[in-house]
Structures are given as structure tokens and as C-alpha cells.
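Residue 144 in numbering that gives the first Met the number 0 sits at position 145 of the sequence shown, with consecutive numbering throughout. Beta carbons are placed, not taken as given, at the ideal position from N, Cα and C, and that holds for glycine. Computed from a prediction, not measured in an experiment: that's the story for all the values here. Below is one structure, written out as C-alpha cells; comments come after it.
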Amino acid sequence: MKTLNEVHKILIAVEDSQYSERAASYGFELAQKLGADVGLIHVNEVPTGTPFVADPLLNEPPVMMPELINVQEEASKKLLDRIADTYFGKATIYSFHKVGNPRDEILHTAEEWNADMIILGTHGRTGFDHFISGSVAEKVIRKAKCPVLIIPNKE
Numbered sequence: 000m001k002t003l004n005e006v007h008k009i010l011i012a013v014e015d016s017q018y019s020e021r022a023a024s025y026g027f028e029l030a031q032k033l034g035a036d037v038g039l040i041h042v043n044e045v046p047t048g049t050p051f052v053a054d055p056l057l058n059e060p061p062v063m064m065p066e067l068i069n070v071q072e073e074a075s076k077k078l079l080d081r082i083a084d085t086y087f088g089k090a091t092i093y094s095f096h097k098v099g100n101p102r103d104e105i106l107h108t109a110e111e112w113n114a115d116m117i118i119l120g121t122h123g124r125t126g127f128d129h130f131i132s133g134s135v136a137e138k139v140i141r142k143a144k145c146p147v148l149i150i151p152n153k154e
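Right, dumping it as C-alpha cells:
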């Protein structure tokens, strides 16, 4: 395992939430102190189900799945651009937009990019919510080949 002085690439997993904002802020501050590059990754999960998404009870028109994927992709690019703009000048920034399972894509990108550290926020779910949704952070920790820093959502 590399020492803190050997950390040159930090991969920060982001989504459009306050938890990610906190993780990104911490990650960029750490990257600046270490002189490390930052990789921002956002993962869209593949929509499942039928090729149409609509609520017939609300009389909504159906949205084709390719249209939904395009909307997700555009939102992801805007999120990555917004975060990169916020922290412009604090580090060299690389952006990764992926589609798939968040845990798998974060781990794959970390390995592919040769990240020295992964940083992500956590929602802090417990009980039934945690049982149903699991924890991306927990799954990344179990499989990562580099150190993982979790930024909790607690004040």
C-alpha cells in the first residue's frame, strides 16, 4: 500500500446530493494538499423494466427507455461539469461518466485509471433502508485494491 505522500490520483465518486458535495469538497482539499490529480466519477444505473416508463393512473405519456438514458447521461455530464467548475484550479481533473452498477463501475474505473485512493460519501442509511438498498460505500470498501475514504453524512 502506498503512503500518503505517494497518493497521486484520487477518484471521487459523486452523485447529485449533499453527501457527494461533502465528499468532493474533502477530496479536492486533500488532493490540493497532496498535489494529486482528481478523477470524478458518476455512475448511472441502467433503467430496468419495460421499454416505456409512465404512470397510467396519472395519464402521463410514456417515455421511451433510450430517451430516459439520454436524459440521465446529460444530467450526469452537467453534474460532472458543475463540480469540475467549482473546484477548477485546485487539481487536474478527469471526468468519468459510466453506466452500470455503481460499485462495479467505481472499482473498475479506479483500477483502470490506477487510482491511489477512492473517496465517496455515504447516505448513512440504517436498518431496513440499508438492508434493501445496501451500501455502495460498503461494497466498494470490500473489493477495492486501494484505500477508500468514506465521508459520513453526519454533521
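query: Pick from TYR86, ASP15, THR91, LEU106 that is closest to LYS76, judged by C-alpha positions; result: ASP15
query: LEU106 to GLY34 span [Cα, whole Å]; result: 23 Å
query: At least three beta-carbon pairs within less than 8 Å, the region 115-122 to the region 91-98; result: no
query: Cutoff 6 Å; reference TYR93; Cβ partners in own chain excluding five residues on either side; result: GLY38
query: Inter-residue Cα distance where the pair is GLN31 and GLN17; result: 21 Å
query: Cutoff 7 Å; reference VAL45; Cβ partners in own chain excluding five residues on either side; result: VAL98, GLY99
query: Paired residues, beta bridge with TYR93 - DSSP; result: GLY38
query: Neighbourhood of HIS41 by C-beta distance below 7 Å, restricted to the same chain and skipping five residues each side; result: VAL13, GLU14, SER75, LEU78, LEU79, HIS96
query: Sequence-distant residues of the same chain with beta carbon closer than 6 Å to GLY126, five excluded per side; result: Since pLDDT at GLY126 reaches only 48, below the 50 mark, its modelled position is unreliable, and the value read off the structure follows with that caveat. If we look at GLY126 and ignore the five residues flanking it on each side, it has no Cβ neighbours.
query: Range of the contiguous beta strand (DSSP E) that encloses GLY120; result: 116-120
query: Through-space distance from PHE27 to PHE87, alpha-carbon basis; result: 10 Å
query: GLU5 classed as buried or exposed, judged by whether at least 16 other C-beta atoms fall within 10 angstroms; result: exposed
query: Own chain residues within Cβ distance below 6 Å of LYS138, not counting five before or after; result: ARG102
query: Cβ neighbour criterion (16 or more within 10 Å) applied to THR85; result: exposed
query: Enclosing beta strand (DSSP E) for LYS8 [first to last residue]; result: 8-12
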